[in-house]
Each structure stands twice: as structure tokens, then as C-alpha cells.
Amino acid sequence: MTSAARRRVLVTSRSFGGGGTDFAAELDAAGYEVVRSSPAHDLAELEALLPGVDGWIAGTGPVTAAHLDLAPALRVVARYGVGIDKVDVAAAAARGVVVTNTPGANSSAVAEHTVALLLAALRGVPAADRRVRAGDWSGWQARELSALTVGVLGLGRIGRLVIERLGGFRPRVLGADPWVPTDDPIFDEIERASADDLARSCDVVTLHAPGGQTVVDDAWLGASDRPVLLVNTARADLIDEDAVAAALRSGRVWAYAADTLATENHGEGASPLLAPDLADRVIVTPHLAAQTREGVDGMGRMATADLRAVLEGREPRHPVAP
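11 is the number of the first residue of the sequence shown in the numbering used here; add one for each residue after it.
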């Protein structure tokens, strides 16, 4: 392990310290050495860095057993964000490495971005902008959100904040989450439904479930009796991208708006959703839903506090159980 006076902290989050607070400077002032690498978490790139690292403020890339094996001095992985589906928490626990995350720090930011994507897709804003710049002022008929039924898949912090922000538009709202009890107060505001109900009954479906399983596939899309607008600011693996691309072409999906793709951080081939013929009906942002000054500061503050707590012999506030 490096000396107690200058423990080394690896930072692989692209926006760490990019808000209103310089958390790297705070760590430096507290006696930590901060080293940075890319959020892809490429093993070859990290091979020279991980052996001397005591703490890791991890970005969106995977943290696997292979990464952990390269870091014998590592004591804490502070996930900069809420999702831990790409972190092998069991492998970390087996090696005595504490995993933490930052629940709630960016929930408001992601909820706002979700509504922004929904409205942009609903009214075709990016496509309209491109047409005007090309000298084409022709338009098309859109829909009003107040006339539609919106399905929210996942009723955690972000899903509930999306529902709150949609309130001013007054659409009919259905919510699906098998882990939320039937007597939860959220069902005083919205209608309870299943994931399959959302396919059958909704004009718009926005995804806020944890990753790990595909929900929107050929069967789900085939159950719908109307074209659907899909919004995904959660996890890329919630949808089958090939199935959604085909559904866009057939008219079963009339627009798709997302903040993530399956190829994110992997350097692989382009997603089928980025095909030129789908450009007018697909909106993708580069995983920036959480990237507000407030969200960035919240994640940085929580990740830094938990990392220091572990390395300084205290209990972190946001541990993730294996």
C-alpha cells in the first residue's frame, strides 16, 4: 500500500470535480494523490495504475474481478453514480473491497433530462432544427402530451420525480414496478400496471428500471395496439436495440430517445439505432442526463465522502451490499 500520508485515488469519472467544487483539489489537500484514467475502464490502460491504488472513484465502465485482481491495495470502489450493475460487488466483497454509490445525488437531473427528451421526441425538435438549417420550413403534425397515456417503468427515485414533473402536463400516467407494494401512496396519483400493460395501453413509455434484463423486445413491442414513443435514461440493456430499430421502420415505434446505447464505452460497431434512415426519429445524448452542476457536485460530494470514510477507518454512508 502507498504511504498513509499520500494514499492514491484513481478517478475514472469524466465529470468528477467538473461542477462547482474541485473535489480533486480537496482530496489533494487532505493528503491523497489523485490519478485519472478514462471511464471505459480498459484493463490494458489500467494495468499500470491499479496496483498502487487504495481507492477508486469509478465511472460508468465495468469493475470486474480482473480489475480487482490488479489492485491488491484497493479498499474501496466509490461508484460515481447510482448504478452498480457493472460492478462485481460479490468479487469486491470477497477481496475485502467496500463498494459505495451515490443514491439520489443526480435523480432530479436525470428526471429533468427524461422530460426534455420526451418532449423533444414528441415534437420532433432535433429533426425540425435540421430541416430549417437546410432551408426546409415544411412541418408535420405532432401530439400534445396532455392527450396521451404515459407509462413509467420503475418507480424508484427517478421514476417518481418524472411523474411529479409530468404533473403539469396532466397526461394519464400508468406505473409499473413489481417491488412497490400496492398500498404505496404513489398509486393515489397514478394507475398501477405491469410492464405488459404499458405495452398494451401507453402512447409513451419511459424506462427507469435497473439493468440486467431486457424488457422491450419483439414480444413486448408486438403487444402494443398503437405506435409508441420510448424514452430510456436508465440502462441500455433494457431494450433490444435491433428490435427497436426494426419497430421504428415498421411504425410500431414512432420515436426513440435515449441517454445510453449498448455500445457506450466499448468502441464496438455503431448501434442499429444510429442508422441514417432513423435519424429523424431517434434522439441520443451521450450519457449526460446526470451532468448538471448540481448533480455533478452531489455525486462528487457523496463519492468523496464515502471513499475517505473507508480509507480513514469510518463507516461509509452509502455502502452497497453484495
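Beta carbons are placed, not taken as given, at the ideal position from N, Cα and C, and that holds for glycine. It should be emphasised that the depicted structure is a prediction, and the values quoted were computed from it without experimental measurement.
{"Asked": "Residue from 272, 70, 56 and 65 with nearest C-alpha to residue 25", "Found": "70"}
{"Asked": "Rounded straight-line distance, which links the Cα of residue 121 to that of residue 13", "Found": "Reliability fails at residue 13, whose pLDDT of 44 lies under 50, so the model's placement of it is uncertain and the value that follows must be treated cautiously. Each residue's alpha carbon lies about 42 angstroms from the other."}
{"Asked": "3-residue-minimum beta strand (DSSP E) runs that sit fully inside the region 149-176, ordered along the chain", "Found": "159-163"}
{"Asked": "Segment contact, 8 angstroms Cβ cut-off, at least three pairs: the region 161-177 with the region 131-149", "Found": "no"}
{"Asked": "Three-way DSSP call (helix, strand, coil) for residue 67 in this model", "Found": "strand"}
{"Asked": "Contact check, residue 233 vs residue 206, beta carbons under 8 angstroms", "Found": "yes"}
{"Asked": "Residue 266 - partner residues in DSSP beta bridges", "Found": "240 and 292"}
{"Asked": "Residue burial classification, residue 65 (beta-carbon count within 10 angstroms, cutoff 16)", "Found": "buried"}
{"Asked": "Distance, residue 261 Cα to residue 244 Cα", "Found": "24 angstroms"}
{"Asked": "Nearest to residue 201 (by Cα), restricted to the options 98, 144, 183 and 74", "Found": "183"}
{"Asked": "Where residue 41 falls: helix, strand or coil (DSSP)", "Found": "coil"}
{"Asked": "Those residues which DSSP pairs with residue 200 across a bridge", "Found": "In the DSSP output, where bridge partners are listed per residue, residue 200 has none listed."}
{"Asked": "8 angstroms Cβ cutoff met for residue 282 and residue 252", "Found": "yes"}
{"Asked": "Helix, strand or coil at residue 88 according to DSSP, with G and I counted as helix", "Found": "strand"}
{"Asked": "Residue 237 to residue 142 span [Cα, whole Å]", "Found": "26 angstroms"}
{"Asked": "CB of residue 33 within 8 angstroms of CB of residue 310, strictly", "Found": "yes"}
{"Asked": "Residue range of the alpha helix (DSSP H) that includes residue 258", "Found": "251-260"}
{"Asked": "Meets three-Cβ-pair contact criterion under 8 angstroms: the region 208-217 and the region 75-94", "Found": "no"}
{"Asked": "Residue 254 vs residue 240 beta-carbon contact at 8 angstroms", "Found": "yes"}
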